[in-house]
Every structure is written in C-alpha cells, then in structure tokens.
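First residue of the sequence shown: 3, per this note's numbering; consecutive thereafter.
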Amino acid sequence: MLRRPGETDSIDRRVAVQGESAKRWLAALGYEVTSDSPRVRAGGDVIRSQSFAVGRLWHDASRLTRRGGGGGSAISLVVEGRIRATRGTTTIEVGQGEAFLDALDGETCIEVEHSVGSIELRVNESFPQRYGVAPIEGLQALGADLASLPWLLSLANAMLASREDGGATTWPFTRTALENLVAAVMVEANEPPPTTITDRALAEIRRSCTDPTFDVAALAASQSITSRWLQAAFAARDLTPRQVIRRERLRTARCLLEAHPGIALDDAAGRAGFPSARALREALRADGVPVPRTLAPIGLRDRGA
3 MLRRPGETDS
13 IDRRVAVQGE
23 SAKRWLAALG
33 YEVTSDSPRV
43 RAGGDVIRSQ
53 SFAVGRLWHD
63 ASRLTRRGGG
73 GGSAISLVVE
83 GRIRATRGTT
93 TIEVGQGEAF
103 LDALDGETCI
113 EVEHSVGSIE
123 LRVNESFPQR
133 YGVAPIEGLQ
143 ALGADLASLP
153 WLLSLANAML
163 ASREDGGATT
173 WPFTRTALEN
183 LVAAVMVEAN
193 EPPPTTITDR
203 ALAEIRRSCT
213 DPTFDVAALA
223 ASQSITSRWL
233 QAAFAARDLT
243 PRQVIRRERL
253 RTARCLLEAH
263 PGIALDDAAG
273 RAGFPSARAL
283 REALRADGVP
293 VPRTLAPIGL
303 RDRGA
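See below:
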C-alpha cells in the first residue's frame, strides 16, 4: 500500500471493482488473491504516500497474502466480518472492533468468511524512530479494550468518508493526528499490564525514595515509560506516583525517628529523602504525627503555629 521510491502519492476514492480488475487493485495495495475467486469483488478508499497510507477496504476473497517489503508496520482494524491472520507459526483471529499489528517484512496470510471490511494504516520503517516507539515484530492481536483503538478508528473512518485528500490544506494536520494515534496504539500494545508497571514502580520507589532528587520523572525514566503511562498505571489503584513517593519517605522518616529519638530533624529529613526539615515537619503534621519535643529546637520559630 505504501508507495515505492520514485512513485507519486495516489488517491483512490469510491473504488468498486470485480474479477481481474479487483485482483489488480488489491495487488497494487500489496495483496495477492490466493483463493480460487474468479468473481472476487473489492472496493474502498485509499490515500497512499511513501511513508504513510490509510485505507478503507472491503473484499470477499476468502484468502489473500499480504506481502511486505521495505519494512514498516501495518494496523488493520476490522469493522465488518472476521479475519484469521497467519504468519509463520502464529495465527490470530480478530472480529469487529478488534485489530492486529503486523510487521511489513514478510508474508501474512489473510483468511475471511464471506466478506470483510477493515480500516488499514501503514507506516514506513522510519516511523518508530520518528515517534520514539518500539518497532513492531511479527503479528500481534489488539483487543477492543485498547483505549487508543476507538480514537484511531473514528478519525480514520471520518477522514475517509469525507472529501479530504492528500492535496487538501488540512491534510497535513489530519495525517499528523492519525500518525500520533498509530504511535499511541503501538505504545499501548507493547506496554506491560498496568499491574506489572505499578509493582515494578513500587519496588523502585522503595529502593530510591531516600534520594532527594528522586521524583516522578526519575521514576518514569527508570521504568522506560512516559510519565503519562506511569500516572495511568497508578490510577488503576487510585494512587499517584507522587503520593506513594511521599508516603515511603514519611514511613522511612518515622522509622528513623522511632529508632533514634535524639536524631536532628534535618538529618532525618535528608536520610529519608525530604528536601528539608520543614518539608518533613509538614509531612508529619499532615499525617497527624506530632513532632517529638527533642526535635523542637530545629523549629522553635514554628512553636506558636
């Protein structure tokens, strides 16, 4: 579906073909009809360039082979019917509202019953580097519960149903929005389950909370994910990373205060990861813990507060 080097961008609108014409049109999109379907029908709308393509496809061929070449990735979202996709020893089945990712570096067999309608987006091999996402490897099913899928489907379908095309003034903005959603799908598909993220992050907080420079950004970096994904994972447990970091520092400080009754407040604060004695004092008070009298000289000016 992606255009080859030297080929110009192309736009197909409201295509409806059958027989050999349908096979040739599908072949131009990277599909070979491998079933015995002399009267195969196909149609749709496709916008193609060398680095990005989006199309709305329909066909009733029972078996196709999608041939990849030059690298890149494809996302196929099923809007009608079911697809069985096979690549090597991996076979997946996806139905309406579901999708699958596929690396465009080999052959993938596509089987359908009766007919199938899908939205397909393809990006070239430079896409992961441009958007900072992990490359797609092999074949991967995407469930309907993937948060970014409905957004991608909605925008792609609305754009293909409109008169907008690759030459429209608004097309660069629409394409950027679609590419961002493709990146979101790739990131979401490759992220470990939120529970795994949260458990690993909690362990890192316990290890690193005593470092005063340790914050949410540092925690996200340690897990190789964005702060947004980190926040979302913690939200599943009604927590925020900042809350947990503060809680662990406070727990450490209380242990120090109980084990060393005469410890100076600024010393306890530094060893627990608080930036200052005042920050620790405020955290203790907010948690309903009175500051021990032996620590009062650190904050005599606050005695009347």
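Glycine residues also receive a C-beta, built at the ideal position from the N, C-alpha and C atoms. All figures in this text were calculated on a predicted structure; none of them were measured in a lab.
Closer than 8 angstroms to chain C by CB, residue i
i      : result
Gly134 : Included in the structure is just one protein chain, with no chain C present.
DSSP state of residue i mapped onto helix, strand, coil
i      : result
Ser336 : Coverage of the chain is limited to positions 3 through 307, which leaves residue 336 absent and any answer about it impossible.
Ser224 : helix
Phe98  : Contrary to the premise, residue 98 reads as Gln rather than Phe in this sequence. Looking at Gln98 - three-state DSSP - the assignment turns out to be coil, as it is neither helix nor strand.
Phe129 : helix
Asp14  : strand
Cys111 : strand
Glu193 : coil
Ser78  : strand
Thr93  : strand
Ala307 : Reliability of the predicted coordinates at Ala307 is poor, the pLDDT of 34 falling under 50, and the value obtained from them is presented with this limitation in mind. Note: Ala307 maps to coil in three-state DSSP.
Glu9   : coil
Arg239 : coil
Gly265 : Rather than Gly, the amino acid found at residue 265 in this sequence is Ile. If DSSP states are grouped into helix, strand and coil, Ile265 belongs with coil.
Gly272 : helix
Leu232 : helix
Met3   : coil
Ser117 : coil
Val56  : strand
Gly301 : A caution first: Gly301 carries a pLDDT of 42, below 50, which makes its placement in the model too unreliable to give a value.
Ser39  : coil
Phe175 : helix
Val135 : coil
Asp217 : coil
Thr212 : coil
Whole-Å CB distance - residue i paired with residue j, under 8 angstroms assumed
i      : j      : result
Leu28  : His61  : 7 angstroms
Asp11  : Arg50  : 6 angstroms
Ala76  : Arg124 : 5 angstroms
Leu106 : Leu151 : That pair is no contact at about 20 angstroms.
Arg68  : Ser37  : Actually they are not in contact, since the Cβ atoms of Arg68 and Ser37 sit about 14 angstroms apart, beyond 8 angstroms.
Leu157 : Ala179 : 6 angstroms
Ala285 : Leu259 : In fact, because the Cβ distance is near 12 angstroms, the residues do not count as touching under 8 angstroms.
Leu162 : Val56  : 7 angstroms
Gly70  : Gly108 : 5 angstroms
Residue i, enclosing alpha helix (DSSP H) - first and last residue
i      : result
Ala149 : Unbroken run through Ala149: none, as it is neither H nor E.
Arg165 : Looking at the DSSP string, Arg165 is not in any alpha helix (DSSP H), and its letter there is neither H nor E.
Gln52  : No alpha helix (DSSP H) holds Gln52; DSSP gives it neither H nor E.
Cys257 : 243-261
Leu282 : 279-288
Alpha-carbon to alpha-carbon, residue j and residue i
i      : j      : result
Gly45  : Arg16  : 7 angstroms
Gly140 : Arg280 : 54 angstroms
Ala219 : Thr198 : 18 angstroms
Ser210 : Arg248 : 12 angstroms
Leu154 : Arg43  : 26 angstroms
Ala185 : Ile121 : 16 angstroms
Ala63  : Glu82  : 14 angstroms
Ile112 : Ala87  : 5 angstroms
Asn126 : Arg6   : 11 angstroms
Ala235 : Glu115 : 38 angstroms
Thr2   : Leu282 : Summary: the structure shown does not reach residue 2, with the chain confined to residues 3 through 307, and so no result is reported for it.
Arg176 : Asp147 : Looking at the sequence shown, residue 176 is not Arg but Thr. Looking at the two C-alpha atoms, the distance is approximately 24 angstroms.
Thr254 : Pro263 : 14 angstroms
Pro174 : Phe54  : 11 angstroms
Ala128 : Val189 : Residue 128 is actually Ser in this sequence, not Ala. Between Ser128 and Val189, the C-alpha separation is close to 16 angstroms.
Thr172 : Arg165 : 11 angstroms
Gly97  : Arg84  : 4 angstroms
Ala222 : Glu34  : 44 angstroms
Thr48  : Thr215 : Note on identity: in this sequence residue 48 is Val, with Thr being the wrong assignment. About 51 angstroms.
Pro130 : Thr91  : 25 angstroms
Pro277 : Ala271 : 7 angstroms
Ala160 : Arg58  : 11 angstroms
Arg273 : Thr242 : 23 angstroms
Ala136 : Ile227 : 11 angstroms
Ile300 : Arg287 : With a pLDDT of only 41 at Ile300, under 50, the local geometry of the prediction cannot be trusted, and the value read off the model is given with reservation. Ile300 and Arg287: Cα-Cα distance of roughly 15 angstroms.
Leu232 : Ala203 : 8 angstroms
Ile207 : Thr200 : 10 angstroms
Per DSSP, the bridge partner or partners of residue i
i      : result
Ser23  : According to DSSP, which records beta bridges pairwise, Ser23 is partnered with nothing at all.
Ala44  : Val19, His61
Leu157 : None; Leu157 has no bridge partner.
Leu142 : Note on identity: in this sequence residue 142 is Gln, with Leu being the wrong assignment. For Gln142, which the question treats as bridged, DSSP gives the partners Leu103.
Glu122 : Gly57, Ser78
Span of the beta strand (DSSP E), counted from its first residue to its last, around residue i
i     : result
Gly72 : No beta strand (DSSP E) holds Gly72; DSSP gives it neither H nor E.
Ile85 : 85-89
Val35 : 33-35
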